[in-house]
Amino acid sequence: MNLPWVESPFFNEILKTKNLTEEEKQLATEYNKNGFVVLRNVFPEDVIDQVKADMNQKGFNEDFPVTVYRDKTRIQDLWQYSDSTKQISSNDTIMKTLEMLYDREPIPFQTLNFKFGSQQRAHSDTIHFSSIPARYMCGVWVALEDVTPENGAVFYYSGSHRMPEYNFAHIKDAPEDTTYNDYVQYEDFMQSIMNVSEFDKKFFYAKKGDALIWSSNIIHGGSKVEAEGSTRYSQVTHYYFKDCIYYTPMLSNMVTNELYLRNGFKNIKTGESVQSNFNGHNITPISTGKDKSILNNRLDEVKKIMDLVKLKNKIVNKLFK
Ligand SMILES: O=C(O)CCC(=O)C(=O)O
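Here you go:
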């Protein structure tokens with residue numbers, strides 16, 4: 367089936383056919399049920415401390431020039447300037463665990479380093495990063511210092527990954543394009559869904575070096591920072607998996623199925639540029655406007671025929687004018 371096996375309705379049958387250790391079986395079973403797993407004490411202390419040093423000396427240092435997005439709380443893609451940030455994203459234990467959970471090569475493609483709690487409202491990563499086949503995406507959140515009820519712990523709703531992947535097609539009444547200005551409507555919607563759902567809200571009171579792996583569609587966010595000014599050094603890496611079509615529902619038109627494709631992003635581990643395909647088969651996106659495309663291989667054939675007709679007309683006109 368075109369779904370990660372850990373999210374498949376046939377999970378229990380597939381599990382029986384897998385050659386996994388008892389520990390891996392337990393991990394996969396938890397991930398299937400809850401949509402997240404915790405790995406304790408995964409990263410060497412010196413790498414973590416170097417990431418924090420890079421955050422201060424580069425990421426949050428206004429005198430250090432960067433071309434990536436940053437504000438007082440977070441910096442996106444610090445990996446471009448920091449080898450230790452890359453090492454956290456490409457860590458062997460994490461990569462092997464993801465490969466086991468998804469049966470495809472993981473592709474780390476974006477980092478977010480937080481100096482303070484994000485206080486981000488409940489959301490699913492699928493509004494930002496989705497894939498065809500669906501759900502080949504996950505986040506790995508790493509504590510670079512201990513997390514307490516005071517410094518804005520990450521929260522998540524256990525089991526919420528089983529919900530549909532909500533997007534603007536579920537809430538807007540017109541088939542309009544959306545932008546980040548509409549995001550607050552999505553956040554209001556997700557909160558109202560959580561208010562009427564019975565998922566357990568959990569907080570990740572991590573110790574330095576712990577990692578939380580969350581599946582693409584689990585609802586999560588950052589809780590309030592109770593002790594003003596307290597730091598919460600942490601790093602999230604977002605991963606896609608090999609041989610998918612990658613897109614952003616937030617900037618797509620999900621009513622008309624015009625996708626904002628994410629093509630040519632960098633694999634943080636290998637430095638290679640990643641192109642979309644469907645299970646290894648080429649796809650031909652056809653642009654429908656400045657930043658959106660439809661996927662229709664038959665239309666591509668039509669386009670080729672139209673190009674040939676145009677060429678034939680040109681030749682005929684030249685010969686007989
Ligand atoms: O670190 C946090 O507080 C939340 C991060 C988050 O929600 C995300 O990366 O999607």
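Going by my numbering, the first residue of the sequence shown is number 367, and it counts up by one from there.
Ideal Cβ placement from N, Cα and C applies to all residues, glycine included.
Check: Would a C-beta distance cut-off of 8 Å place phenylalanine 570 and alanine 535 closer than the cut-off?
Finding: As a first step, residue 570 must be located in the sequence shown, where it is residue number 204. As a first step, residue 535 must be located in the sequence shown, where it is residue number 169. Taking 8 Å as the Cβ cut-off, phenylalanine 570 and alanine 535 do not qualify as a contacting pair.
**Q.** Supposed close pair serine 490, isoleucine 611 - CB separation, criterion 8 Å
**A.** Here the question's residue 490 lines up with position 124 in the sequence shown. Here the question's residue 611 lines up with position 245 in the sequence shown. Contact doesn't hold; Cβ gap of about 18 Å is too wide.
- prompt: Can you tell me whether valine 550 is buried or exposed, with buried defined as 16 or more other CB within 10 angstroms of its CB?
  reply: The residue given as residue 550 occupies position 184 in the sequence shown. Answer is exposed; the Cβ neighbour count stays below 16.
### Message
Is the beta carbon of methionine 616 closer than 8 Å to that of threonine 544?
### Response
Numbered from its first residue, the sequence shown carries residue 544 at position 178. Numbered from its first residue, the sequence shown carries residue 616 at position 250. Yes; because the gap between Cβ atoms is below 8 Å, this pair is in contact.
query: Whose CA, out of Tyr552, Glu531 and Gly525, lies closest to the CA of lysine 538?
result: Start at 1 with the first residue of the sequence shown, and residue 538 comes out as number 172. For the residues Tyr552, Glu531 and Gly525, the minimum Cα distance to lysine 538 belongs to Tyr552.
*asked:* Rounded to the nearest angstrom, what separates asparagine 378 and tyrosine 397 at their Cα positions?
replied: As a working mapping, residue 378 is identified with position 12 in the sequence shown. As a working mapping, residue 397 is identified with position 31 in the sequence shown. Whole-angstrom Cα-Cα distance: 12 Å.
Practice problem: Any chance you could list the alpha helix (DSSP H) runs of at least 4 consecutive residues sitting entirely within the region 592-673, in chain order? | Solution: none
Mind checking which residues open and close the beta strand (DSSP E) that includes valine 413? For this step, residue 413 is matched to residue 47 along the sequence shown. Segment 411-420 is the alpha helix (DSSP H) holding valine 413; no beta strand (DSSP E) there.
**Request:** Would you kindly work out how many angstroms separate the C-alpha atoms of lysine 680 and valine 668, rounded to a whole number?
**Result:** The count along the sequence shown starts at 1 and reaches residue 680 at position 314. The count along the sequence shown starts at 1 and reaches residue 668 at position 302. Between lysine 680 and valine 668, the C-alpha separation is close to 18 Å.
Which of the three DSSP states is assigned to asparagine 479 in this structure? For the purposes of this step, residue 479 is identified with residue 113 of the sequence shown, where counting begins at 1. When DSSP states are grouped into helix, strand and coil, asparagine 479 belongs to the strand group.
For serine 526 and alanine 419, I'd like the C-alpha separation in whole angstroms.
Mapped onto the sequence shown, residue 526 falls at position 160. Mapped onto the sequence shown, residue 419 falls at position 53. Distance between serine 526 and alanine 419, taken at the CA atoms: about 35 Å.
Would proline 474 and lysine 608 qualify as a contact pair, given that the criterion is a beta-carbon distance under 8 Å? By one-based count along the sequence shown, residue 474 stands at place 108. By one-based count along the sequence shown, residue 608 stands at place 242. Cβ atoms of proline 474 and lysine 608: not closer than 8 Å.
Notebook entry, point to check: What is the DSSP secondary structure of phenylalanine 555, counted as helix, strand or coil?
Noted result: Within the sequence shown, numbered from 1, the residue matching residue 555 stands at position 189. Three-state DSSP puts phenylalanine 555 in a helix.
Original post:
What's the C-alpha gap between phenylalanine 686 and serine 653?
Top reply: Within the sequence shown, the letter at position 320 stands for residue 686. Within the sequence shown, the letter at position 287 stands for residue 653. Roughly 34 Å separates the two Cα atoms.
Is the separation between the beta-carbon of valine 413 and that of serine 448 shorter than 8 Å?
Reading the sequence shown from its first residue, position 47 is the one you call residue 413. Reading the sequence shown from its first residue, position 82 is the one you call residue 448. Contact flag unset, no.
For valine 372 and threonine 395, the rounded distance between their alpha carbons: If you number the sequence shown from 1, residue 395 lands on position 29. If you number the sequence shown from 1, residue 372 lands on position 6. Near 8 Å, if we compare the C-alpha coordinates of valine 372 and threonine 395.
Considering isoleucine 441, what are the terminal residues of the beta strand (DSSP E) in which it resides?
Numbered from 1 along the sequence shown, position 75 holds the residue referred to as residue 441. Note, isoleucine 441: beta strand (DSSP E), 440-442.
Quiz item: Taking all protein chains shown into account, do 16 or more other C-beta atoms lie within 10 angstroms of the C-beta of methionine 672, making it buried, or fewer, making it exposed?
Solution: Against the sequence shown, residue 672 aligns to sequence position 306. Exposed.
N- and C-terminal bounds of the alpha helix (DSSP H) containing tyrosine 468:
Indexing the sequence shown from 1 puts residue 468 at position 102. 458-468 is the extent of the alpha helix (DSSP H) around tyrosine 468.
Any idea which residues DSSP pairs methionine 560 with across the strands?
As a working mapping, residue 560 is identified with position 194 in the sequence shown. Looking at the DSSP assignment, methionine 560 forms no beta bridge with any residue, so it has no partner.
Does any heavy atom of ligand 1 sit closer than 7 Å to the C-beta of leucine 478? For the purposes of this step, residue 478 is taken as residue 112 along the sequence shown, with counting starting at 1. Checking the Cβ of leucine 478 against ligand 1 gives yes.
Requested in this report: Ignore the nearest five residues each way along the sequence and tell me which others in asparagine 368's own chain have a CB closer than 6 Å to its CB.
Outcome: For this step, residue 368 is matched to residue 2 along the sequence shown. Same-chain partners within the cutoff: Pro499.
With a threshold of 16 other CB atoms inside 10 Å of the CB of leucine 677, please say whether the residue is buried or exposed. The residue given as residue 677 occupies position 311 in the sequence shown. Exposed, since its Cβ has fewer than 16 Cβ neighbours within 10 Å.
_Member of Ser558, Arg470, Glu542 and Val562 whose CA lies at the smallest distance from the CA of methionine 503_ = Along the sequence shown, read from residue 1 onward, the residue named residue 503 stands at position 137. If we check each option's Cα against that of methionine 503, Arg470 comes out closest.
- Query: In this structure, what does DSSP give as the bridge partners for serine 496?
  - Reply: Along the sequence shown, one-based indexing puts residue 496 at 130. Partner(s): Tyr613.
### Query
If you draw a straight line from the alpha carbon of lysine 583 to that of aspartate 429, how long is it in whole angstroms?
In the sequence shown, counting from the first residue as 1, residue 583 sits at position 217. In the sequence shown, counting from the first residue as 1, residue 429 sits at position 63. Correcting the residue identity first, residue 583 is asparagine in this sequence and not lysine. So the alpha carbons of these two residues sit roughly 37 Å apart.
* My guess is that phenylalanine 521 and histidine 586 are in contact by the Cβ rule of under 8 Å, so how many angstroms apart are they, rounded? -> In the sequence shown, the residue the question calls residue 521 occupies position 155. In the sequence shown, the residue the question calls residue 586 occupies position 220. So it is a contact: roughly 6 Å between Cβ atoms.
inquiry  = Using C-beta distances below 7 Å, list every residue in its chain close to lysine 568, excluding the 5 sequence neighbours before and after it, in chain order.
reply    = One-based indexing of the sequence shown puts residue 568 at position 202. The residues are Phe521, Tyr522 and Ser524.
For phenylalanine 409 and threonine 603, I'd like the C-alpha separation in whole angstroms.
As a working note, residue 409 is residue 43 in the sequence shown. As a working note, residue 603 is residue 237 in the sequence shown. Phenylalanine 409 and threonine 603: Cα-Cα distance of roughly 14 Å.
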